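Below is one structure, written out as C-alpha cells, with a few remarks after it.
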Amino acid sequence: MNHREIIQTVLAGSPPPYVPWSMGFTVEAAEKLRAHYAPRTLDEVLDNHLVGAGSGVGFFTDVGDDHVRDVFGVVWDRSVDKDIGVVVGQVLPEPTLADYTFPDPVGPVFFEGLEEHLARTRDQYRIFHLGFSLYERAWTMRGMAELMMDFLDHPEFVHELFNAIADWNIAQVRKAVSYDIDAVYFGDDWGQQRGLQMGPKLWHEFIYPPLKRMYAAVKEAGKHIFIHSCGDVDELFDDLVAIGLDCFNPFQPEVMDVYTLMDQYRGRLSFHGGMSTQRTLPYGTVDEVVAETRRLLAAGASGNYIFAPAHAVEGDVPVENIVAMIETVQAQENYSRVE
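Read in order, the letters of the sequence shown correspond to residues 0 to 338 in numbering that gives the first Met the number 0.
Okay, here's the thing in C-alpha cells:
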C-alpha cells in the first residue's frame with residue numbers, strides 16, 4: 000500500500016499496516032531540523048503521508064518592514080511571529096460590507112502549479128487547504144474585539160459576513176474538487192484552553208449554518224473533510240460529524256482526553272495530532288517523548304488515527320526530542336518509504 004491508500008484505510012476506520020503520520024514545524028523549528036539532517040531535505044526525512052495544496056494560512060504580498068498583506072487586504076506584522084503574524088488595523092472598520100469587494104476565489108494565485116504538484120505527489124494523500132476559513136477570516140478582517148461585540152450588537156452583519164465568506168469558500172471548493180485531490184481542509188480556530196471563544200450558543204447560531212453549506216459542497220464532490228481548530232472544542236464533535244466531518248486536527252492532549260475520544264469516536268471520526276506540544280515535546284526527556292509517541296501509535300493501531308504533534312512544532316523544542324519522535328514513528332513494523 001502506498002501512503003495515499005494507507006490514509007484512505009485509516010479514514011474508513013480499518014486497521015492500517017502501521018499508523019501513518021504527517022508532522023509540521025514552524026519556521027524556526029524547521030530551520031533547526033534542516034541543519035540537523037543536512038544535506039537531506041525535510042520532505043525526504045519526514046516522508047509525510049499527507050501533502051497540502053492551496054495554503055493553510057493564506058497568500059501574501061510583502062509590503063516591507065516585516066509586514067505582509069493577504070489577498071483579503073489584511074496586513075500582518077511578522078516581526079515576531081514569522082509563520083503567520085499579528086493583524087495590523089482593520090479591513091472592515093465598521094460593521095458593513097458596503098464598501099468591501101472580496102478577491103476572486105478562483106483566481107490563478109490559488110491554483111497556479113496545482114496540476115504539476117498533484118502529479119508529483121500521486122502516492123500521498125492530497126488535501127486542498129482553506130486556512131482562516133470562516134470565523135478566523137471574519138475576525139482578521141473586522142478585528143477580534145469588534146467581531147465579538149458584533150455577535151451581540153450587529154447580528155445581522157455577522158450573518159451577512161459569515162455567509163459571504165462561506166460563499167467565497169464554496170466557490171473555491173468547487174474549483175478545487177475539479178482537480179485530483181482527496182480532501183478539503185478548513186482551518187478555523189474556535190477554542191480556548193477551556194471551552195469555545197464565543198461559547199456554544201453563538202457558535203451554533205452564527206457558525207454552524209454556513210459550515211453545513213461549506214461541508215456539503217465538499218461531500219457533493221465525494222471528497223473527505225478535514226478541519227483544524229485549536230483548543231477545547233470536543234463538545235462540537237457530534238455536530239461536526241453530523242454534517243460530514245471526517246478528520247479533526249490538532250487533537251490537543253492538554254485540553255481534551257485524546258485516548259477516551261479515540262475510543263468514543265472510532266468508526267465515526269478520525270483524528271490527526273495528539274502529541275503534546277505544550278508539555279512533552281518542549282519539556283519532556285527523550286525517553287518521555289518516545290513513550291508518549293508509542294502510546295499514541297498503540298492507541299491508533301485500530302484505525303481512525305494519523306499521528307502528528309498537536310500543532311506545528313515550535314522552535315523551543317529540543318532537536319533531540321523531535322528526532323526521537325520522528326525515529327520512533329518511522330520504526331514501526333511494516334513501514335517502508337515510498338520512493
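From the three backbone atoms N, C-alpha and C, an ideal C-beta is built for every residue, glycine too. Since the structure is predicted, the reported quantities are computational estimates derived from the model, not experimental observations.
*Run the CB neighbour count on S346, radius 10 Å, all protein chains shown included, and call it buried at 16 or more, exposed below.*
For the chain, the structure presents residues 0 to 338; residue 346 sits outside this window and is missing.
*Under 8 angstroms, do Q173 and A216 count as touching if we go by C-beta distance?*
Looking at the sequence provided, one finds Arg at residue 173 rather than Gln. In this structure, A216 lies closer than 8 angstroms to R173 by Cβ.
*Who are the near neighbours of H116 in its chain, counting only those whose CB is closer than 7 angstroms to its CB and skipping five residues on each side?*
Taken in chain order, the residues that qualify are A52.
*Would DSSP call P308 helix, strand or coil?*
Note: P308 maps to strand in three-state DSSP.
_Those residues which DSSP pairs with H128 across a bridge_ = DSSP links H128 through a beta bridge to G53, Y184.
*According to the neighbour-count rule (16 or more other Cβ atoms, all chains shown, within 10 Å of its Cβ), is A28 buried or exposed?*
A28 counts as buried, since no fewer than 16 other beta carbons sit within 10 angstroms of its beta carbon.
*In whole angstroms, what is the alpha-carbon distance linking V157 and H128?*
Between the alpha carbons of V157 and H128 lies a distance of about 24 angstroms.
*asked:* Which residue wins for smallest C-alpha separation from R212, given the options H2, R125, A175, I169?
replied: For R212, the nearest C-alpha among the options comes from I169.
_Quick check on the DSSP output: the beta strand (DSSP E) that includes W75 runs from which residue to which?_
W75 -> beta strand (DSSP E) spans 74-76.
*Name the one or two DSSP bridge partners that W189 has.*
DSSP lists no partner for W189.
_Check whether G339 and I224 have beta carbons under 8 angstroms apart_ = Shown here, the chain extends from 0 to 338; a query on residue 339 therefore has no answer.
*At 3 residues or longer, and completely inside the segment 238-281: list those beta strand (DSSP E) runs for me, N to C.*
Secondary structure remark: continuous beta strand (DSSP E) runs of at least 3 residues inside the segment 238-281, in chain order: 246-248, 269-274.
*Proximity of P16 and V9 at Cβ, strictly below 8 angstroms*: Going by C-beta atoms, P16 is not nearer than 8 angstroms to V9.
*Just reading off the alpha helix (DSSP H) that I164 is part of, what are its end residues?*
Looking at the DSSP string, the run of the alpha helix (DSSP H) that includes I164 is 154-175.
*Which class does G23 belong to by DSSP, given the choice of helix, strand or coil?*
DSSP places G23 in coil when its eight states are reduced to three.
*Figure out for me which residue from A297, D149, E332 has the closest Cα to the Cα of V257.*
Residue A297 is the option with its Cα nearest to V257.
*Span of the alpha helix (DSSP H) around I5*: That run of the alpha helix (DSSP H) goes 2-10.
*From A300 to P14, what does the alpha carbon distance come to, in whole angstroms?*
Taking the straight line joining both Cα atoms gives about 6 angstroms.
*G272 beta carbon less than 8 angstroms from that of V254*: No; because the gap between Cβ atoms is not below 8 angstroms, this pair is not in contact.
*asked:* Taking 7 angstroms as the limit between beta carbons, can you name the residues of its chain near P104, skipping five residues before and five after?
replied: W167, A170, Q171.
*Classify F101 as helix, strand or coil using the three-state DSSP reduction.*
F101: coil per DSSP, three-state reduction.
*For V289, I'd like the list of residues in its chain whose CB is within less than 7 angstroms of its CB, leaving aside the five on either flank, ordered along the chain.*
Within the same chain, V289 has close Cβ partners A323, T327.
*Indicate whether F270 and Y214 have their beta-carbon atoms separated by less than 8 angstroms.*
Going by C-beta atoms, F270 is not nearer than 8 angstroms to Y214.
*For I325, three-class secondary structure by DSSP*: Per DSSP, reduced to three states, the secondary structure at I325 is helical.
*Where DSSP assigns a beta bridge to F109, which residues make up the other side?*
None; F109 has no bridge partner.
*Based on Cα-Cα distance, which residue from D181, R77, F110, D149 lies nearest to Y124?*
Out of D181, R77, F110, D149, D181 has the C-alpha closest to the C-alpha of Y124.
_Please state the DSSP three-state secondary structure of R336._
Reduced to three states, the DSSP call for R336 is coil.
*What residue range is occupied by the uninterrupted alpha helix (DSSP H) comprising R293?*
285-298 is the extent of the alpha helix (DSSP H) around R293.
*Which residue or residues does DSSP assign as beta-bridge partners of T60?*
Within the DSSP bridge table, the entry for T60 names R68 as partners.
_Enclosing beta strand (DSSP E) for V86 [first to last residue]_ = Per DSSP, V86 is one residue of the beta strand (DSSP E) stretching across 85-87.
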